[in-house]
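For the sequence shown, UniProt numbering begins at 1 and goes up steadily by one. Structure first, commentary second.
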Amino acid sequence: MLIHPDVMGVAELAKKIRKIPNWPQKGILFHDITPVLQSPEYFRLLVDLLVYRYASQKIDIVAGLDARGFIIGAALAYQLNVGFVPIRKKGKLPFETVSQSYALEYGEATVEIHTDAVWEGARVLLVDDLVATGGTMQAGIELIKKLGGNIVEAAAILEFTDLPGGRSIRDKGVPLFSLCQNAGCMPD
1 MLIHPDVMGV
11 AELAKKIRKI
21 PNWPQKGILF
31 HDITPVLQSP
41 EYFRLLVDLL
51 VYRYASQKID
61 IVAGLDARGF
71 IIGAALAYQL
81 NVGFVPIRKK
91 GKLPFETVSQ
101 SYALEYGEAT
111 VEIHTDAVWE
121 GARVLLVDDL
131 VATGGTMQAG
141 IELIKKLGGN
151 IVEAAAILEF
161 TDLPGGRSIR
171 DKGVPLFSLC
181 QNAGCMPD
């Protein structure tokens, strides 16, 4: 049974996100969603909120970004009765891939997707845990576009609106939905 956003305090999700200073390097405040995932109540709330938003949008496939986007995206795909596609860090996928490099707030990285993961014209929902500088999400968007997919929306639990990531994603014409902004959650 789906939980309507008004049934439970969405703002409580923000309180479950653990903040870890100086990880993975000095100066970074890491926002850890594992406490949300560990709680059956909050994990269900998270997935149900997203299902509630996307159930009528005719999604063909959910793509999840490595690694926390896998957890959220796979559960969401299951509930939407659509397939799931992982977008992984370079060198982790066994089949033929396309890749996209991007800048992180603390370095550079590359992600890949299987060449047969998304078909021409597929309606794709791209999912990750958070958007800060937006590099990972933008790389995922580029990979889906390379394969001919249409991004219905990009979704995240948390968006830092004081950083350029969300704005740059929207400026490129991709809708972005976030449950929480700046570590505070508000229902849409």
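Beta carbons: idealized from backbone N, C-alpha and C, even for Gly.
- A residue is called buried when at least 16 other Cβ atoms come within 10 angstroms of its Cβ; F160 meets this threshold and is buried.
- Counting along the chain, D66 sits inside no beta strand (DSSP E), nor does DSSP assign it H or E at all.
- For T97, the uninterrupted beta strand (DSSP E) run begins and ends at T97 to L104, by DSSP.
- The continuous alpha helix (DSSP H) containing E41 extends over residues P40 to Y54.
- If you ignore the 5 residues before and after R123, its C-beta comes within less than 7 Å of the C-beta of K58, I59, D60, N150 and V152, all in its own chain and listed in chain order.
- Across the structure, F30 and D171 are spaced so that their CA atoms are roughly 26 Å apart.
- With fewer than 16 other Cβ atoms inside 10 Å of its own Cβ, P175 counts as exposed.
- Between the alpha carbons of P164 and Q25 lies a distance of about 20 Å.
- A direct Cα-Cα distance of roughly 19 Å separates D162 from D32.
- The Cβ-Cβ distance between L125 and V62 falls below 8 Å.
- Counting C-beta atoms within 10 angstroms of its own C-beta, S101 has fewer than 16 neighbours from the protein chains shown and is therefore classed as exposed.
- Within the segment 101-142, the runs of beta strand (DSSP E) at least 3 residues long that lie entirely inside it are, in chain order, 107-114 and 123-131.
- In this structure, I87 places its C-beta atom within 8 Å of the C-beta atom of G64.
- In this structure, L130 sits away from H114, with a CB-CB distance that is not shorter than 8 Å.
- Remark: C-beta atoms of I169 and G134 approach each other more closely than 8 Å.
- Non-local beta-carbon contacts of K19 in its own chain, meaning distances under 8 Å to residues more than five positions away in sequence, involve L29, F30, H31, D32 and A183 in chain order.
- Out of I144, V127 and F177, the CA that lies nearest to the CA of I72 is found in V127.
- Under the three-state reduction of DSSP output, Q181 falls in the strand class.
- Taking a C-beta distance under 8 Å as the contact criterion, L49 and L179 qualify as a contact pair.
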